[in-house]
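Novice: Before I ask anything, let me first share the structure, which is written out below as structure tokens.
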Amino acid sequence: MDSVKVVIKDGNCLGCGACKVVCPSDAINVAFEHRAGKYVASINEELCSDCRLCNSVCPSEPENINYNFINNGPIKKVFMGCASNNQIRHDSSSGGWITQMLINAIEAKIIDGAVVTKMSTNPIQPVSYIAYSRDDLIAASGSCYCTSNIFDCLHGILKDNKKLAFVGLPCQILALKKCQKLIPELNDRISITIGLFCGGSSSIRGLRDIFKFYKIPDDVCLIKYRGSGWPGNLFVKHENGCKSVSYPEYSAMMRRGYFYNRCFICPDATNELADISFGDAWNLVDEPVEGTSLIICRNDMGTDFINLTSDDILKEIIDDSLLRKSQSNLLHFKKKSIIFRLRYSKLYRFLINEEKKNGYQLTFMDILNNLYDAIQIYLINQNVPAFPIMLSNRIRYVIAKKLIK
Ligand SMILES: Cc1cc2nc3c(=O)[nH]c(=O)nc-3n(C[C@H](O)[C@H](O)[C@H](O)COP(=O)(O)OP(=O)(O)OC[C@H]3O[C@@H](n4cnc5c(N)ncnc54)[C@H](O)[C@@H]3O)c2cc1C
Ligand code: SF4
Ligand code: SF4
Ligand code: SF4
Numbered sequence: 009m010d011s012v013k014v015v016i017k018d019g020n021c022l023g024c025g026a027c028k029v030v031c032p033s034d035a036i037n038v039a040f041e042h043r044a045g046k047y048v049a050s051i052n053e054e055l056c057s058d059c060r061l062c063n064s065v066c067p068s069e070p071e072n073i074n075y076n077f078i079n080n081g082p083i084k085k086v087f088m089g090c091a092s093n094n095q096i097r098h099d100s101s102s103g104g105w106i107t108q109m110l111i112n113a114i115e116a117k118i119i120d121g122a123v124v125t126k127m128s129t130n131p132i133q134p135v136s137y138i139a140y141s142r143d144d145l146i147a148a149s150g151s152c153y154c155t156s157n158i159f160d161c162l163h164g165i166l167k168d169n170k171k172l173a174f175v176g177l178p179c180q181i182l183a184l185k186k187c188q189k190l191i192p193e194l195n196d197r198i199s200i201t202i203g204l205f206c207g208g209s210s211s212i213r214g215l216r217d218i219f220k221f222y223k224i225p226d227d228v229c230l231i232k233y234r235g236s237g238w239p240g241n242l243f244v245k246h247e248n249g250c251k252s253v254s255y256p257e258y259s260a261m262m263r264r265g266y267f268y269n270r271c272f273i274c275p276d277a278t279n280e281l282a283d284i285s286f287g288d289a290w291n292l293v294d295e296p297v298e299g300t301s302l303i304i305c306r307n308d309m310g311t312d313f314i315n316l317t318s319d320d321i322l323k324e325i326i327d328d329s330l331l332r333k334s335q336s337n338l339l340h341f342k343k344k345s346i347i348f349r350l351r352y353s354k355l356y357r358f359l360i361n362e363e364k365k366n367g368y369q370l371t372f373m374d375i376l377n378n379l380y381d382a383i384q385i386y387l388i389n390q391n392v393p394a395f396p397i398m399l400s401n402r403i404r405y406v407i408a409k410k411l412i413k
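Numbering (my numbering) for the sequence shown: 9 to 413.
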């Protein structure tokens, strides 16, 4: 092993910044690379003392990926629910449960604040910060389908005597748990982890290509990936007006060609390490116009937090098979067809052994989908202009929609 240099060189860095938090030599910098459209770490070799603490927390180090594609992690209780405030629900990604729950938790003084993420527009990139008020939390409601340098806002929290919630993607919660092992004081500061399900993140380059396709000018002052009901819209406000595109349409067009490399070998669909995990209640509500959050309490702490902070009725889903029904596409990508992608990855020998293969046979559609993604990644890396990429994804989306009908 050789610091996280190999992760960065192989293009597997997610830019989370966990390595920077633990580096004793201040040798790591995480910056947003405009061309690639993502945060990436870099190492100052002169300062690096080769202690390798960075490797131990990096979510892209193969040894740190907790490979499990048989079940979905510990499950105490599964609920469906939505924010009691209709506006919060309407503006959020799913049911707005996270935003409402954190507002209630701060108002009841259960926590002092929460690490949340929103989009900034000048420049266009995600930013994470600690929200201490209702307004700060509402500003970050809704999903950003990209990853931020989330650990940046944790610098200095050990000096404050605050209790925080941490909202993060599975790879970010994994890195946080690793940091907490190394810096036990972090356990007192982060009192609860709120995880998002994750089907993958796209670079901001994908978003810029969507802007080009829909002729959205660059001078934007507000970006929301989701909101305005369910499944919601991408909403972009710019100097001369605004534009919205439905979530299913643009997400099909942004597709996996823009994904971070690590997303193709990511085995965690439902945020298995968090205290509470949240996703969309896909396929569980008849003809929804407003969203519903799907909520998994992983342990007693998570269940207690939900009980203490909920001001509305939650419907408990007793049957675990409903979770599988709701998330069937996500689970297929993360737990089954991943074998195909890993086979062609250097990480195969680290992560897979015979009994972990789970007897899964790839289908013709798996092979077709993976080949399509591989061609897209190649073309995007060759800097093919946005229009043909977006057009081919759009044709694919229209055909798939017709076939499903
Ligand atoms: C990249 C990504 C992929 C996802 N993939 C799936 C999926 O395949 N299937 C599924 O069912 N659900 C997925 N989700 C989760 C889903 O989109 C909702 O975030 C979740 O259901 C919570 O909705 P809510 O209305 O309860 O939360 P809200 O009240 O809308 O609050 C959302 C919270 O998430 C935080 N957040 C937003 N973006 C990020 C980010 N990039 N990194 C860290 N924190 C963030 C915000 O700060 C906010 O606190 C994904 C989310 C993301 C960000
Ligand atoms: S090996 Fe140690 S000193 Fe070098 S970058 Fe990693 S954490 Fe910093
Ligand atoms: S810890 Fe995060 S920022 Fe650092 S190398 Fe790993 S993925 Fe990149
Ligand atoms: S798919 Fe995995 S690696 Fe990619 S953003 Fe989601 S949790 Fe992180």
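The beta carbon of each residue, even a glycine, is placed where N, CA and C say it ideally should be.
Is M261 near N93, with beta carbons less than 8 Å apart?
Specialist: Locating residue 261 in the sequence shown gives position 253, where the first residue counts as 1. Locating residue 93 in the sequence shown gives position 85, where the first residue counts as 1. Taking 8 Å as the Cβ cut-off, M261 and N93 do not qualify as a contacting pair.
Novice: Ignoring anything shorter than 4 residues, give me the alpha helix (DSSP H) runs that lie fully in the segment 227-313, in order along the chain.
Specialist: Those alpha helix (DSSP H) runs which fall completely within the segment 227-313 and span 4+ residues are 255-262.
Novice: Looking only at C-alpha atoms, which of A113, A382, S128 sits nearest to N315?
Specialist: Taking the first residue of the sequence shown as position 1, residue 315 is located at position 307. Closest option to N315, Cα to Cα, is A113.
Novice: Under DSSP, the alpha helix (DSSP H) around F348 begins and ends at which residues?
Specialist: Mapped onto the sequence shown, residue 348 falls at position 340. Note, F348: alpha helix (DSSP H), 346-351.
Novice: For a test of your reading of the model: does the CB of I439 fall under 7 Å from any non-hydrogen atom of ligand 1? Yes or no.
Specialist: Past the boundaries of the shown model lies residue 439; the chain is included only from 9 to 413, so the question cannot be answered.
Novice: What I want to know is whether the C-beta of A26 ends up closer than 7 Å to one or more non-hydrogen atoms of ligand 3.
Specialist: Reading the sequence shown from its first residue, position 18 is the one you call residue 26. Answer for A26: yes, Cβ within range of ligand 3.
Novice: Below 8 Å on the Cβ atoms is my guess for S149 versus G104; work out the distance and round it to an integer in Å.
Specialist: Mapped onto the sequence shown, residue 149 falls at position 141. Mapped onto the sequence shown, residue 104 falls at position 96. The pair is a contact, with the Cβ atoms about 6 Å apart (cut-off 8 Å).
Novice: Let me know the secondary structure DSSP gives P32 once reduced to three states.
Specialist: Numbered from its first residue, the sequence shown carries residue 32 at position 24. Three-state DSSP puts P32 in coil, outside helix and strand.
Novice: Just the Cα atoms here: how many angstroms apart are T317 and T278?
Specialist: By one-based count along the sequence shown, residue 317 stands at place 309. By one-based count along the sequence shown, residue 278 stands at place 270. When rounded, the distance between both Cα atoms is 22 Å.
Novice: Exposed or buried, which one is P67 when buried takes at least 16 other CB atoms within 10 Å?
Specialist: What you label residue 67 is simply residue 59 of the sequence shown in a count that begins at 1. Answer is buried; the Cβ neighbour count reaches 16.
Novice: Return the first residue and the last residue of the beta strand (DSSP E) that K409 is part of.
Specialist: By one-based count along the sequence shown, residue 409 stands at place 401. Here K409 belongs to no beta strand (DSSP E); instead the alpha helix (DSSP H) covers 394-412.
Novice: Leaving aside the five residues before and after L145 along the sequence, list all residues of the same chain whose C-beta is less than 8 Å from its C-beta, in chain order.
Specialist: One-based indexing of the sequence shown puts residue 145 at position 137. Cβ neighbours of L145 beyond the five flanking positions: T107, L110, I111, I114, A122, V124, A139.
Novice: Which of the three DSSP states, helix, strand or coil, is assigned to S128?
Specialist: Taking the first residue of the sequence shown as 1, we reach residue 128 at position 120. Strand.
Novice: What did DSSP end up calling I165 once you bin it into helix, strand or coil?
Specialist: The residue given as residue 165 occupies position 157 in the sequence shown. Residue state, collapsed to three classes: coil.
Novice: So the beta strand (DSSP E) T371 belongs to, where does it begin and stop?
Specialist: As a first step, residue 371 is located in the sequence shown; it is residue number 363 there, counting from the start. Counting along the chain, T371 falls outside any beta strand (DSSP E), and DSSP gives it neither H nor E.
Novice: Going by DSSP, name the residue or residues bridged to I202.
Specialist: For the purposes of this step, residue 202 is identified with residue 194 of the sequence shown, where counting begins at 1. DSSP output for I202 lists V175, I284 as bridge partner(s).
Novice: Please name the residue in A116, A183, M88 whose C-alpha comes closest to that of A26.
Specialist: Looking up residue 26 in the sequence shown gives position 18. Among A116, A183, M88, the Cα nearest to that of A26 belongs to A183.
Novice: If you run the structure through DSSP and keep just helix, strand and coil, what is K223?
Specialist: In the sequence shown, counting from the first residue as 1, residue 223 sits at position 215. In this structure, K223 counts as coil in the three-state DSSP scheme.
Novice: Comparing C-alpha positions only, which one of I385, R43, C90 sits nearest to Q133?
Specialist: Taking the sequence shown and counting its residues from 1, one reaches residue 133 at position 125. Closest by alpha carbon: R43.
Novice: For V65, report the span of its alpha helix (DSSP H) as first-last.
Specialist: Your numbering for residue 65 matches position 57 in the sequence shown. Taken as a continuous stretch (DSSP letters only), the alpha helix (DSSP H) holding V65 covers 61-65.
Novice: Would you kindly work out how many angstroms separate the C-alpha atoms of W290 and V406, rounded to a whole number?
Specialist: Along the sequence shown, read from residue 1 onward, the residue named residue 290 stands at position 282. Along the sequence shown, read from residue 1 onward, the residue named residue 406 stands at position 398. Approximately 20 Å between the Cα atoms of the pair.
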